[in-house]
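Take the sequence shown: its letter number 2 is residue 3 in the working numbering, and every next letter is one higher.
Each residue gets a CB set at the ideal place from its N, CA and C atoms; glycine is no exception.
On a predicted model such as this, the values are computed, not experimentally measured, just so you know.
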Amino acid sequence: QDIVVIGTGAIVQGNLARAKDMAVSDALVRGVEQYLSRRLGSEGIMNNFQLLIKDIIPRAREEIENFHILTSEQTDSQYKVLVRVKVNEKLINEKFRELGLVVMEGPPIRILFMVSQVERPEGKVHCWWQDPEAYSALSATEVALYRAFEERGFAPINRLSGIPESNYSPDMKALDLSYEGARKWGMMFSAQVVMSGRCEIVKAKEASVHLVSLDIKNGVVIDEDFQRQFLDQETESPEQKMEAIEKVISKVASRLSPSIIRAIKSSEEKTSRIEIDINGIKSFREYTSFESFLKEKVEGVKSVRQKRARAGSLTVLVEFSGDEDDFLRMVSQSKSLPLPIRISRTDDNRIVFNVEQLQ
Numbered sequence: 002q003d004i005v006v007i008g009t010g011a012i013v014q015g016n017l018a019r020a021k022d023m024a025v026s027d028a029l030v031r032g033v034e035q036y037l038s039r040r041l042g043s044e045g046i047m048n049n050f051q052l053l054i055k056d057i058i059p060r061a062r063e064e065i066e067n068f069h070i071l072t073s074e075q076t077d078s079q080y081k082v083l084v085r086v087k088v089n090e091k092l093i094n095e096k097f098r099e100l101g102l103v104v105m106e107g108p109p110i111r112i113l114f115m116v117s118q119v120e121r122p123e124g125k126v127h128c129w130w131q132d133p134e135a136y137s138a139l140s141a142t143e144v145a146l147y148r149a150f151e152e153r154g155f156a157p158i159n160r161l162s163g164i165p166e167s168n169y170s171p172d173m174k175a176l177d178l179s180y181e182g183a184r185k186w187g188m189m190f191s192a193q194v195v196m197s198g199r200c201e202i203v204k205a206k207e208a209s210v211h212l213v214s215l216d217i218k219n220g221v222v223i224d225e226d227f228q229r230q231f232l233d234q235e236t237e238s239p240e241q242k243m244e245a246i247e248k249v250i251s252k253v254a255s256r257l258s259p260s261i262i263r264a265i266k267s268s269e270e271k272t273s274r275i276e277i278d279i280n281g282i283k284s285f286r287e288y289t290s291f292e293s294f295l296k297e298k299v300e301g302v303k304s305v306r307q308k309r310a311r312a313g314s315l316t317v318l319v320e321f322s323g324d325e326d327d328f329l330r331m332v333s334q335s336k337s338l339p340l341p342i343r344i345s346r347t348d349d350n351r352i353v354f355n356v357e358q359l360q
C-alpha cells in the first residue's frame, strides 16, 4: 500500500544536504503516521497512543520497505520533498504482536459507569445508584466518562434511557460499591464492563479520579488507575472544573482502554453453537421477525440457521461470540423481543423458547 506524503526540512546556514535528509526523514514519519491512521482509525490511535508514539513512530525509517522521491522544491529557508512511501506491513504486524497493541473489532464493548462525584470542601456528592428511581441528571464526571470512552470505540450505557426493574440489595446502594455490588448492576444492564470508582474535586485546586474496571462475565478486576489534574488558576469556574474533570478522565481512559479491550476480546474469542427449540410459532412472519431480532438486536450473534421444522415448532442453530449464559441473559433482558417468550430447558438440557401468544 503506497502512501504519498510531503516532508519538510529547515535549511540552516545553507546546508542543503542536511535539509534534504531532514525532509526525507520527516516524510517517512508522516508516511508511517498516515498508514497507522488508515489502519487503526481514530479509535485505535487513541487506545494505543502511548505505544505508538513511544515504540512505533520513532522507528519510522526501519519500518519503511522502500520510498521514492517524486519531486522536491527549495525556498529560502526550507527544503520540501514529495515522497512515495511503502510501509513494511510484515514488520509492523510483528511489532503490534510484540507490544500487545489492541484494535477494537466487532460490536463495541458495553460499559456502565458507576463513578461517584464528590466536591470538597462542600461535601456535595453525586451518586445516582443510591436512589436509582430518581433518574438524577448525569453528573459532570459521567458526561466526561461517556465522551472519553465513546471516542475510544466503546458503547457507554445511558442509564437515563431506563433502569431495569429489580430489587436492589443493600450492597447495590453503597456509596463505595463493592465489586459484587457493581457486578450486580452490570448484570442488570447487560453490561460487559462496569467502571466503578470516585472522582473528587477540591475547590480551586485539583480533580482526582480512581477507577476500577470489572469484567462482568468472569467477575474479576481487569485493571485500575489513579490520576490527578491540578487547576491552573486559584479561582474556579464551572468551565474550569469541567475541563479539569475531562483532562483527568481522558488520562485514565487512555490507560485503561487497552487492557479492557484485551480482556473482553480474549473472553469473546470462544464461539458457541447454541441449538434452540422454538415452540408456539404460528406463522413464517413470526419466525422471520424472531430471526431478525436475534441477528440485529442480540450483540455477538454471528448467524442464525433453521435446522428442523415441525407443526408449531422449529429448531434453530445460533452461532454466538460468548457462552450460553451470556446469550440467554441478553435475550431475556432485551426490550426488543418481537414476541413474548418463556425460556426453559428440557430434561436433557436443551434450550426451549416458548412463544406466549397474546390473547
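Kindly indicate if chain C contains any beta-carbon less than 9 Å away from that of residue i.
| i | result |
| --- | --- |
| residue 218 | Chain labels in this structure do not include chain C; a single protein chain is all it has. |
What distance in whole Å lies between the Cβ atoms of residue j and residue i, which are believed to be in contact at a cut-off of 8 Å?
| i | j | result |
| --- | --- | --- |
| residue 315 | residue 282 | 6 Å |
| residue 120 | residue 202 | 5 Å |
| residue 212 | residue 116 | 7 Å |
| residue 183 | residue 197 | 4 Å |
| residue 68 | residue 85 | 7 Å |
| residue 361 | residue 323 | With the chain covering only 2 through 360, there is no way to say anything about residue 361. |
| residue 215 | residue 180 | 6 Å |
| residue 327 | residue 218 | 6 Å |
| residue 93 | residue 194 | The Cβ separation is near 29 Å, so there is no contact. |
Give me the residue from the options with the minimum Cα distance to residue i.
| i | options | result |
| --- | --- | --- |
| residue 290 | 329, 337, 74 and 333 | 337 |
| residue 265 | 40, 279 and 224 | 224 |
| residue 111 | 96, 158 and 142 | 158 |
| residue 91 | 63, 240 and 80 | 63 |
| residue 249 | 222, 219 and 207 | 207 |
| residue 136 | 162, 125 and 126 | 162 |
| residue 72 | 241, 313, 7 and 38 | 7 |
| residue 130 | 14, 171, 294 and 150 | 171 |
| residue 349 | 298, 277, 287 and 284 | 277 |
| residue 342 | 320, 300 and 288 | 288 |
| residue 109 | 263, 40 and 340 | 263 |
| residue 361 | 169, 150 and 102 | There is no way to answer for residue 361, as the model of the chain reaches only from 2 to 360. |
| residue 310 | 124, 35 and 284 | 284 |
Between residue i and the rest of its own chain, which residues show a CB-CB distance below 6 Å, the 5 nearest in sequence each way excluded?
| i | result |
| --- | --- |
| residue 23 | 10 |
| residue 141 | 243 and 246 |
| residue 306 | 318 |
| residue 209 | 201 and 229 |
| residue 127 | 118 and 140 |
| residue 409 | The displayed coordinates of the chain run from 2 to 360. Any statement about residue 409 would go beyond what the structure contains. |
Taking 7 Å as the limit between beta carbons, can you name the residues of its chain near residue i, skipping five residues before and five after?
| i | result |
| --- | --- |
| residue 189 | 165 and 167 |
| residue 99 | none |
| residue 38 | 46 |
| residue 226 | 212, 253, 256 and 257 |
| residue 173 | 130, 182, 185 and 186 |
| residue 346 | 352 and 353 |
| residue 220 | 184 |
Can residue i and residue j be called in contact, C-beta distance under 9 Å?
| i | j | result |
| --- | --- | --- |
| residue 65 | residue 89 | yes |
| residue 61 | residue 83 | no |
| residue 87 | residue 177 | no |
| residue 302 | residue 296 | yes |
| residue 153 | residue 48 | yes |
| residue 13 | residue 19 | yes |
| residue 259 | residue 52 | yes |
| residue 34 | residue 70 | no |
| residue 304 | residue 320 | yes |
| residue 204 | residue 123 | yes |
Can you list, in chain order, the residues of its chain whose CB lies under 8 Å from that of residue i, leaving out five sequence neighbours each side?
| i | result |
| --- | --- |
| residue 344 | 329, 332, 333, 352, 353, 354 and 355 |
| residue 280 | 313, 314, 353, 354, 355 and 356 |
| residue 298 | 335 and 337 |
| residue 146 | 114, 116, 157, 196, 250 and 254 |
| residue 43 | 152 |
| residue 199 | 116, 117, 118, 119, 177, 210 and 211 |
| residue 21 | 10, 73, 80 and 82 |
For the ligand ATP, is there a heavy atom less than 8 Å away from the beta-carbon of residue i?
| i | result |
| --- | --- |
| residue 121 | In terms of ligand content, the structure shown is empty, and the ligand ATP therefore cannot be addressed. |
Write down every uninterrupted run of the beta strand (DSSP E) in the segment 244-305 whose length is 3 residues or greater and which is fully enclosed by it, in chain order. 272-280
Return the chain-ordered ranges of every alpha helix (DSSP H) run that is complete within the segment 87-137 and spans a minimum of 4 residues. 90-100
Of all the beta strand (DSSP E) runs that stay within the bounds of the segment 300-344, which reach a length of 3 or more residues? With a minimum length of 3 residues, the continuous beta strand (DSSP E) runs that stay inside the segment 300-344 are 302-311 and 314-322.
Which full runs of the alpha helix (DSSP H) of 4+ residues lie inside the segment 51-76, going along the chain? Restricted to the segment 51-76, not a single alpha helix (DSSP H) segment is unbroken, complete and at least 4 residues in length.
Continuous alpha helix (DSSP H) assignments of at least 4 residues falling wholly in the segment 140-174: 141-152
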